[in-house]
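Student: Before I ask anything, let me first share the structure, which is written out below as structure tokens.
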Amino acid sequence: MHAMDYEDSFVKIAGLIGGEEYVKVSRALLNTEDVTDEEIASATGLKINIVRKVLYDLFGKALITGIRVKDEKKGWFVYRWRAKQDHVDNFIENQKKKILDRLHKRLEHEDSTEFYHCGNHDCPRVKFDTAVELFFKCPNCKGPLNMVDNSKVKEALRYKIDQITTDIINSKANAAANKEAAEAAAAAEEEEEEGEEEEAGEKAAKGKKSSKKPSSSSSKAKAPANSSKKAAAAAPKPKKKK
Ligand SMILES: [Zn+2]
């Protein structure tokens, strides 16, 4: 179940970066761990140079790792690629921060500048200094320039900034809860290995709990800090793919 959640976000991100080819390559990466470019090419039907281009891009974005291993049949070294599960959230986070930064700069610009406009959709807005130089006549249609009320634009920018900021805070809380859940699950597993005298009933109860759907790490899911204990109880044990 956890693997499905992961597949969704990894493949989705790859698709957002580069479209259909990236989706195919990222699915192949998830289907086979430590896969080579040639194996991806034959699994997806994509040309090898396309596969390599996608792999290098994903590697550059730290979404996959590569290890150099000797191909025993061919006798030379090849790279085996693996999706980096734990970097997907970071990547999304960084993108959000970039957008937030751009919005802040845009708002600053709107806040600090007085714009003038003739009201004609095809004409540009001009700054105060330029408007003075033009004697408040539009450079395009020569119509009179009036001060622009940009409060709606600023309001929209502030709204978007608020939205993304809240989103980042929520996903941080989520990540913390998930980390705590993973640690709790790992600790529980260790305990289980040590304590062989555990009651059968307890084991059954634990098994039931661990079959619950794990809380999604998507930005939609709200995870206030005080729910992290609950999340820990419901979280599945981390499974290693072979
Ligand atoms: Zn004009």
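Using full-length UniProt numbering, the letters of the sequence shown correspond one by one to residues 1 to 242. All C-beta atoms, glycine included, are put in the ideal place defined by N, C-alpha and C.
Who are the Cβ neighbours of I67 in its own chain at under 6 angstroms, not counting the five residues just before and after it?
Tutor: Answer for I67: R80, listed in chain order.
Student: Below 8 angstroms on the Cβ atoms is my guess for M147 versus E114; work out the distance and round it to an integer in Å.
Tutor: That pair is a contact at about 6 angstroms.
Student: Is the Cβ-Cβ distance between T65 and K84 less than 7 angstroms?
Tutor: In contact: T65 and K84 (Cβ atoms closer than 7 angstroms).
Student: Look up N90 in the DSSP assignment and say whether it is helix, strand or coil.
Tutor: It is helical.
Student: With C-beta atoms as the reference, is V25 less than 7 angstroms away from G15?
Tutor: In this structure, G15 does not lie closer than 7 angstroms to V25 by Cβ.
Student: Quick one, are the C-beta atoms of I50 and E21 less than 7 angstroms apart?
Tutor: Closer than 7 angstroms, so yes.
Student: When we look at the beta-carbon of V126 and count the other beta-carbons within 10 Å, is it buried (16 or more) or exposed?
Tutor: Per the 10 Å Cβ criterion, buried.
Student: As a quick check of your reading: which residues have a C-beta less than 5 angstroms from at least one non-hydrogen atom of ligand 1, in chain order?
Tutor: The filter returns C118, N120, C123, C138, N140, C141 and G143, in chain order.
Student: Per DSSP, which residues does N146 bridge with? Please list them.
Tutor: Its beta-bridge partners are H117.
Student: Taking C141 as the reference, which of E133, T130, A156 and H117 has the closest Cα?
Tutor: Of the candidates E133, T130, A156 and H117, the one whose C-alpha sits nearest the C-alpha of C141 is H117.
Student: Taking 7 angstroms as the limit between beta carbons, can you name the residues of its chain near R27, skipping five residues before and five after?
Tutor: So the list reads V11, once near-sequence residues are dropped.
Student: Using only the alpha-carbon positions, how far apart do D191 and E72 sit?
Tutor: Sequence check: residue 191 is Glu here, not Asp. So the alpha carbons of these two residues sit roughly 41 angstroms apart.
Student: Quick one: using the 10 Å Cβ neighbour count with 16 as the cut-off for buried, is S42 buried or exposed?
Tutor: S42 comes out exposed.
Student: In three-state DSSP terms, what is K82?
Tutor: The sequence as given places Arg at residue 82; Lys does not occur at that position. Looking at R82 - three-state DSSP - the assignment turns out to be strand.
Student: Around the C-beta of A176, are 16 or more other C-beta atoms found within 10 angstroms, so that it is buried, or is it exposed?
Tutor: A176 comes out exposed.
Student: Would you tell me roughly how many angstroms separate the C-alpha atoms of T32 and V78, rounded to the nearest one?
Tutor: Rounded to whole angstroms, T32 to V78 spans 16 angstroms at the Cα level.
Student: With respect to the alpha helix (DSSP H) encompassing K53, which residues constitute its N-terminal and C-terminal limits?
Tutor: Unbroken alpha helix (DSSP H) run through K53: I48 to G60.
Student: Using the rule of at least 16 other Cβ atoms within 10 Å of the residue's Cβ for burial, across every protein chain shown, is N94 buried or exposed?
Tutor: Per the 10 Å Cβ criterion, exposed.
Student: Counting along the chain, where does the alpha helix (DSSP H) carrying T36 start and finish?
Tutor: First-last for T36: undefined, no H or E at that position.
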